[in-house]
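Q: Quick one: structure below, then a few questions.
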Amino acid sequence: MKPKLTLVGAGPGDGELITLKGIRALRQADVVLYDDLANHTLLEFAPEQALKIYVGKRSGKASFTQDEINELIVRLAQEHGHVVRLKGGDPYVFGRGFEEYDYARHYGIPCEVVPGVSSSIAVPASQGIPVTSRGVSESFWVITGTTRNGELSDDLRLAAQSKATVIVLMGMGKLNEICTLFCQAGRGHLPMAIVQNGTRADEQCVIGQVWNIEQLAAEQGVGAPAVLIIGEVVSLHPSYLAESMRNFSMAY
């Protein structure tokens with residue numbers, strides 16, 4: 001068997017949001033390594049005899065380390081042939097896809113990347129929130145909630161001073177710190193949304209403002225995995241006005 005690695009973006013959760021090229025790669029797979037955020041129904045596109053191995057890395061749960069995944073890719077490609085690494089969203093948007101690509105390439109394994117629909121734009125859209133809108137927001141940031149050393153990204157401090165939409169991925173564990181940062185920057189009344197399991201059947205969304213979103217999320221039971229959306233574009237969500245009126249009456 002000829003070894004090969006294909007990194008496939010599975011999209012944000014809805015199985016129908018994978019690309020045709022991604023499906024074609026799955027149909028040609030000898031091995032599929034899949035993670036938490038990839039819709040497991042996509043495994044049905046792989047040949048019945050293909051190995052299908054879960055290699056999720058969800059925070060707080062037993063999982064493979066990144067080094068173990070890298071080594072597994074190389075070993076399985078050498079032993080079985082075509083390895084498809086099925087990753088939620090897009091492989092190169094906080095997916096560590098390039099680390100896997102680079103490691104496999106170092107061992108002489110041919111590699112291909114099939115881009116995926118990123119949750120950073122698809123999840124807001126699924127709730128009717130555009131990341132940009134003329135006259136409201138001219139640009140957007142996409143920032144990780146937690147850096148490799150476990151701290152907030154310095155870019156969040158810059159983003160808190162910007163008029164751009166701010167999308168935070170993997171940020172629920174730092175929600176309090178993120179909201180505090182924006183409040184300290186005088187942006188506590190910015191509209192904010194948290195969308196859990198975006199584009200899936202069990203999607204949940206909470207809408208509010210930076211200063212009260214943590215309380216609202218706790219009341220409504222919204223947690224990880226989730227996308228945080230901060231900025232005036234959230235005010236375009238159908239329920240934002242009603243929520244704002246409720247908060248105003250509570251405050252006064």
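Residue 81 in the UniProt record's numbering sits at position 81 of the sequence shown, with consecutive numbering throughout. All C-beta atoms, glycine included, are put in the ideal place defined by N, C-alpha and C. All of these numbers come straight from a predicted model, not from anything done at the bench.
1. Count the other CB atoms within 10 Å of the CB of residue 128; is the residue buried (16 or more) or exposed (fewer)?
2. Look at the alpha carbon of residue 186 and the alpha carbon of residue 240, and state the distance between them as a whole number of angstroms.
3. I need the boundaries of the beta strand (DSSP E) containing residue 193, first residue and last residue.
4. Please determine, among 153, 130, 73, 64, the residue with the shortest C-alpha to C-alpha distance to residue 109.
5. Keeping to the same chain, check which residues put their C-beta closer than 7 angstroms to that of residue 252; ignore five residues upstream and five downstream.
6. According to DSSP, is residue 78 helix, strand or coil?
7. Could you work out which residue in 101, 231, 153 is closest to residue 77 when comparing CA atoms only?
8. Terminal residues of the continuous beta strand (DSSP E) containing residue 204?
9. From the DSSP output, in three-state form, read off residue 181 for me.
10. Strictly by DSSP, which residues pair up with residue 4?
11. Pairs of beta-carbons, one from the stretch 115-123 and one from the stretch 17-29, closer than 8 angstroms: are there three or more?
12. With 16 other CB atoms within 10 Å as the buried threshold, where does residue 1 fall?
13. Tell me whether residue 137 sits in a helix, a strand or coil according to DSSP, three-state version.
14. Quick one: is residue 35 buried, meaning 16 or more other Cβ sit within 10 Å of its Cβ, or exposed?
15. In chain order, what are the residue ranges of uninterrupted beta strand (DSSP E) at least 3 long that sit wholly in the stretch 31-56?
16. Buried or exposed: which applies to residue 149, given that a residue is buried once 16 or more other Cβ atoms fall within 10 Å of its Cβ?
17. Rounded to the nearest angstrom, what separates residue 28 and residue 82 at their Cα positions?
18. Can you tell me the Cβ-Cβ gap for residue 9 and residue 91, rounded? I've got them flagged as a contact below 8 angstroms.
19. Return the CA-CA distance between residue 136 and residue 52, expressed in angstroms with no decimal places.
20. What residues in its chain sit with their C-beta under 7 angstroms from that of residue 25, if we drop five residues either side in the sequence?
A: Quick answer:
1. As a working note, residue 128 is residue 128 in the sequence shown. Counting Cβ neighbours within 10 Å, residue 128 comes out exposed, since fewer than 16 surround it.
2. Position 186 of the sequence shown, counting from 1, holds the residue named residue 186. Position 240 of the sequence shown, counting from 1, holds the residue named residue 240. Rounded to the nearest whole angstrom, the C-alpha separation of residue 186 and residue 240 is 20 angstroms.
3. Here residue 193 refers to the residue found at position 193 of the sequence shown. Where residue 193 is concerned, the enclosing beta strand (DSSP E) stretches over 191-196.
4. Taking the sequence shown and counting its residues from 1, the one referred to as residue 109 is at position 109. By alpha-carbon distance to residue 109, the top candidate from 153, 130, 73, 64 is 73.
5. Start at 1 with the first residue of the sequence shown, and residue 252 comes out as number 252. Reliability of the predicted coordinates at residue 252 is poor, the pLDDT of 48 falling under 50, and the value obtained from them is presented with this limitation in mind. Here the set comprises nothing.
6. By 1-based counting over the sequence shown, the position of residue 78 is 78. Note: residue 78 maps to helix in three-state DSSP.
7. Along the sequence shown, one-based indexing puts residue 77 at 77. Closest by alpha carbon: 101.
8. Along the sequence shown, read from residue 1 onward, the residue named residue 204 stands at position 204. In the DSSP assignment, residue 204 falls within the unbroken beta strand (DSSP E) covering 204-209.
9. Translated into the one-based positions of the sequence shown, residue 181 becomes position 181. Residue 181: helix per DSSP, three-state reduction.
10. The count along the sequence shown starts at 1 and reaches residue 4 at position 4. DSSP links residue 4 through a beta bridge to 82.
11. Because the criterion of three Cβ pairs below 8 angstroms is met, the stretch 115-123 and the stretch 17-29 touch.
12. As a position in the sequence shown, residue 1 is number 1, starting the count at 1. With a threshold of 16 other beta carbon atoms within 10 Å, residue 1 falls short and is exposed.
13. Along the sequence shown, read from residue 1 onward, the residue named residue 137 stands at position 137. DSSP, read as helix, strand or coil, puts residue 137 in strand.
14. Indexing the sequence shown from 1 puts residue 35 at position 35. Residue 35 comes out buried.
15. For the stretch 31-56, whole beta strand (DSSP E) runs of length 3 or above, ordered along the chain, are 31-34, 51-54.
16. Along the sequence shown, read from residue 1 onward, the residue named residue 149 stands at position 149. By the 10 Å Cβ count, residue 149 comes out exposed.
17. In the sequence shown, the residue the question calls residue 28 occupies position 28. In the sequence shown, the residue the question calls residue 82 occupies position 82. When rounded, the distance between both Cα atoms is 7 angstroms.
18. As a position in the sequence shown, residue 9 is number 9, starting the count at 1. As a position in the sequence shown, residue 91 is number 91, starting the count at 1. Indeed they touch by this definition, with Cβ atoms about 5 angstroms apart.
19. Counting from one through the sequence shown, the residue named residue 136 turns up at place 136. Counting from one through the sequence shown, the residue named residue 52 turns up at place 52. The straight-line gap from Cα to Cα measures roughly 45 angstroms.
20. The residue labelled residue 25 in the question sits at position 25 within the sequence shown. Its chain contains 6, 8, 84, 114 as the residues whose beta carbon lies nearer than 7 angstroms to that of residue 25, once the 5 sequence neighbours on both sides are disregarded; these appear in chain order.
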